[in-house]
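Numbering (the numbering used here), first residue to last: 1 to 210.
Structure representation (structure tokens):
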């Protein structure tokens with residue numbers, strides 16, 4: 001990923017947090033000699049490996065997993081909030097439009113999860129994570145025969161992360177006054193994604209007078 005120095009985010013804790021907050025990833029790998037992409041949730045185990053380990057599953061009918069058996073590197077892309085930035089919002093003129101966004105790229109060699117108990121553990125961890133915010137979380141209480149049928153239709157995998165790249169493009173190349181001006185506009189946006197960008201910008205912009 002092209003990352004100018006002003007936008008490079010190297011803090012692994014910040015990168016891991018973005019992965020957790022935006023865990024629905026685009027997973028890219030080679031399949032039959034061509035690039036292939038799947039869109040699926042990946043959960044992060046930050047305690048395993050220097051950069052953490054991603055875990056997930058896909059439909060057995062999805063051909064992408066067959067390429068995992070060859071030991072080739074895969075790329076998981078996690079896209080955070082993003083917003084169009086009008087030059088009219090800056091204090092400095094002339095200026096041009098741009099797009100603010102945050103993204104994390106995680107690279108690693110996938111490993112298929114062959115052990116049945118490990119696969120069930122992955123599914124239970126996934127359900128526990130995504131149900132945790134509900135008032136009455138679903139408890140994975142499936143009849144055994146139905147659970148076995150569903151498990152036979154998926155393939156589990158994990159990706160020990162070999163390297164992480166983070167790009168947090170939040171107007172760091174502009175003056176603090178320009179950034180504060182953009183923040184004020186985005187904070188009033190009806191779009192919650194634009195307001196999320198404003199919040200991230202505000203965390204990295206000194207208040208007026210500092």
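Glycine included, every Cβ here is placed at the ideal spot set by N, Cα and C. Predicted model only: the values in this text are computed from it and were never measured.
Checklist line | Other residues of its chain near residue 216: CB distance less than 6 angstroms, five sequence neighbours each side excluded | finding: Absent from the structure is residue 216, since the part of the chain shown begins at 1 and ends at 210.
Next item on the list: Taking the CB atoms as reference points, tell me whether residue 60 and residue 155 lie closer together than 8 angstroms.
Entry: yes
Check: In the structure shown, what three-state DSSP assignment does residue 57 receive?
Finding: Residue 57: strand per DSSP, three-state reduction.
Item checked: Residue closest to residue 161, alpha-carbon to alpha-carbon, out of 14, 35, 23, 49 -> 49
Next item on the list: Compare the Cα-Cα distances from residue 106 to each of 43, 181, 35 and report the closest residue.
Entry: 43
Notebook entry, point to check: Quick one: what's residue 35 bridged to in DSSP?
Noted result: 30
Check: Which class does residue 22 belong to by DSSP, given the choice of helix, strand or coil?
Finding: coil
Next item on the list: Go ahead and label residue 149 buried or exposed: buried means 16 or more other beta carbons lie within 10 angstroms of its beta carbon, across all protein chains shown.
Entry: exposed
Checklist line | Beta bridge counterpart(s) of residue 160 as assigned by DSSP | finding: 53
Check: In chain order, which alpha helix (DSSP H) runs of at least 4 residues are fully inside the stretch 148 to 194?
Finding: Segments of the alpha helix (DSSP H) lying fully in the stretch 148 to 194: 176 to 187.
Margin query: With a threshold of 8 angstroms on Cβ separation, who are the neighbours of residue 71 within its own chain once the five nearest residues in sequence on each side are excluded?
Written below: Here the set comprises 109.
Note to self: Give me, in chain order, the residues of the same chain whose beta-carbon lies closer than 7 angstroms to that of residue 46; leave out the 5 immediate sequence neighbours on both sides.
What the structure shows: Cβ neighbours of residue 46 beyond the five flanking positions: 16, 52.
Next item on the list: Give me the Cα-Cα distance between residue 20 and residue 34, rounded to the nearest whole angstrom.
Entry: 29 angstroms
Next item on the list: Measure the Cβ-Cβ separation of residue 172 and residue 6 and say whether it is below 8 angstroms.
Entry: yes
Item checked: Alpha carbon of residue 99 to alpha carbon of residue 82, nearest angstrom -> 7 angstroms
Margin query: On the CB-based measure, 16 or more other CB atoms within 10 Å of its CB, does residue 126 come out buried or exposed?
Written below: buried
Next item on the list: Measure the alpha-carbon distance for residue 192 versus residue 152 and round it to whole angstroms.
Entry: Residue 192 and residue 152: Cα-Cα distance of roughly 39 angstroms.
Notebook entry, point to check: Is the distance from the Cβ of residue 181 to the Cβ of residue 91 below 8 angstroms?
Noted result: yes
Next item on the list: Between the Cα of residue 166 and those of 38, 76, 32, 30, spot the shortest distance and give me the residue it belongs to.
Entry: 76
Checklist line | Whole-Å CB distance - residue 102 paired with residue 18, under 8 angstroms assumed | finding: 6 angstroms
Check: Thinking C-beta only, is residue 140 closer than 8 angstroms to residue 124?
Finding: Yes, Cβ-Cβ distance for residue 124 and residue 140 is below 8 angstroms.
Item checked: As assigned by DSSP and simplified to three states, the class of residue 80 -> strand
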